[in-house]
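Here our numbering is used: the first residue of the sequence shown is 92, the next is one more, and so on.
Backbone N, C-alpha and C define an ideal beta-carbon position, used for all residues, glycine too.
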Amino acid sequence: MDVLGNNADAPTTPAGENFDLNMPTGSVPPYNLYPVPAFFRTTHPEIPADSIDVPTGNWGHFYDSNTGELALGMVFKSKDHLKASVQDFSVRHARREYRVVESNPKLWKVCCKWDVETGCNWMLRGIFKSNMRLFKITRYAGPHTCLMNEVSVDHGNLGKSMIATHLMGMVREDPTFAIKNVRQTIKDKFGFEIPYHKAWQALKAAREQIYGTWESSVQKLPRYMSALQKWNPGTVVEWYHLDTDRPGLHMLNYVFWAFRPCIQGFRYCRNVISVDGTHLYTRYKHKLLVAVTLDANNQVLPLAFALVDEETLASWTWFLQMLARHFLPNEDDRVCLISDRHPGLINAINYVPAFKFPRGASILSTACMFELQQQIQERSVERSLLEGWFRVECP
């Protein structure tokens with residue numbers, strides 16, 4: 092058998108290297124994994140919506156978000172809590188805006204946004220007290236003397252982080268929570284109409300707090316696959332990664348997985364595999380390749396999945412190779428492949444003997460024929476001619 096790596100027409104990796112089908116990719120992920128936990132969390136810990144209050148203690152002077160009162164001598168467990176408390180006071184209670192005058196790890200000083208225009212003397216300074224290990228308000232001048240109508244329809248201090256904190260529960264209950272609902276929720280709760288871009292950023296921040304970022308999700312993938320293999324014995328996971336210029340650091344390119352019951356169940360199903368690819372609507376343009384079959388009861392049995400960068404000759408070749416390795420290991424295995432005849436897939440069949448004639452056959456799916464029929468109908472083709480053609484092609 093010719094090695095594809097020596098063939099000028101062989102598929103190549105995104106890096107331009109020849110794709111060698113005879114070289115096993117291995118099932119061990121190229122990452123240093125932590126021990127698999129007793130359970131695998133897919134979400135981040137919840138951040139309570141009202142987390143700015145500091146519980147009472149020996150110091151006895153803390154901010155209460157219900158009353159919204161700031162005073163000299165109040166203490167806060169961190170600078171972030173001090174900032175959140177002033178933000179809560181300004182948005183919910185005073186309904187005024189402030190600006191930051193000075194900020195460093197041990198000091199935070201703010202004053203009224205309109206101090207120059209209106210002469211408002213409101214100001215606050217918080218300093219970190221090393222003996223207390225807390226932030227303390229050491230200077231405070233209030234209340235505001237500027238007019239409330241100085242605040243525009245949107246509050247300048249109502250930032251995406253504060254909005255995201257109040258959206259956590261709603262986004263967790265409904266991950267498809269719409270931006271228009273975000274704007275209405277904030278209007279009902281605070282009385283301000285936030286612009287579209289701020290609502291979008293806040294909703295994105297809330298989702299990332301709950302489900303993680305796209306980057307963190309990819310970083311969790313090796314650990315997640317390891318957990319699948321541990322708690323679903325016999326699960327097959329195959330990796331194909333790209334090397335980087337940093338030793339020991341690899342870049343994920345493809346990952347394939349199939350569960351043992353699906354692999355074993357295929358022996359008792361029809362020798363037919365249907366494959367297709369679909370978009371993953373994320374920040375990065377990944378594709379999900381899927382292979383399924385039908386059992387004797389005409390029920391769909393999912394066989395395998397793969398995460399790839401694009402539907403290309405290289406990715407389809409690798410996916411078909413993995414299917415052949417785990418579902419068609421014997422030379423006398425026969426299979427009929429149903430697909431939408433994607434160009435990359437059709438060309439990939441020529442590089443995988445298990446799917447190439449005479450061992451394999453490739454046909455256009457009936458679903459695709461129906462879709463083709465609908466497209467022809469939209470172009471006003473004579474119906475009688477169309478029905479006759481369709482009966483011939485799809486009896």
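Here residue 365 is bridged, per DSSP, to 383, 429. By the criterion of a C-beta distance shorter than 8 Å, residue 280 is surrounded in its chain by 257, once the five residues flanking it on both sides are discounted. In this structure, residue 366 places its C-beta atom within 8 Å of the C-beta atom of residue 380. Assigned with DSSP and collapsed to three states, residue 434 falls in helix. With a cutoff of 8 Å on beta-carbon distance, residue 426 and residue 436 are scored as not near each other. Proximity of the stretch 305–323 to the stretch 271–285 falls short of the contact definition, fewer than three beta-carbon pairs being nearer than 8 Å.
Under the three-state reduction of DSSP output, residue 397 falls in the strand class.
Between the stretch 345–361 and the stretch 319–329, the count of Cβ pairs shorter than 8 Å is three or higher; the stretches touch. In the DSSP assignment, residue 200 is bridged to 193, 216. Around the beta carbon of residue 342, fewer than 16 other beta carbons sit within 10 angstroms, so the residue counts as exposed.
Approximately 6 Å separates the beta-carbon atoms of residue 404 and residue 439; this is inside 8 Å, confirming the contact. For residue 165, the secondary structure class from DSSP, reduced to helix, strand or coil, is coil. Within the DSSP bridge table, the entry for residue 330 names 346 as partners.
The residues 179, 180, 183, 184, 185, in chain order, have a CB closer than 8 Å to that of residue 159 in the same chain once the five nearest residues on each side in sequence are set aside. Within its own chain, no residue has a Cβ closer than 6 Å to the Cβ of residue 387 once the five positions on either side in sequence are excluded.
Collapsing the DSSP output to three states places residue 378 in a strand. Contact check for residue 187 against residue 237 passes: the beta carbons are separated by less than 8 Å. Around the beta carbon of residue 217, 16 or more other beta carbons lie within 10 angstroms, which makes this residue buried.
The Cβ atoms of residue 400 and residue 370 lie no closer than 8 Å to each other.
Here residue 448 carries a coil assignment [DSSP, helix/strand/coil]. Put simply, the backbone Cα of residue 363 is about 14 Å away from that of residue 447. Each of 368, 177, 335, 262 was checked against the Cα of residue 291, and the nearest Cα belongs to 262. A direct Cα-Cα distance of roughly 7 Å separates residue 153 from residue 167.
Of the other Cβ atoms in all chains shown, fewer than 16 fall within 10 Å of the Cβ of residue 307; this residue is therefore exposed. As a beta-bridge residue in DSSP terms, residue 232 pairs with 214. For residue 246, DSSP records no beta bridge to any residue. Taking C-alpha positions only, residue 286 is separated from residue 296 by approximately 16 Å. Annotation: residue 285 is outside any alpha helix (DSSP H) and is labelled neither H nor E by DSSP.
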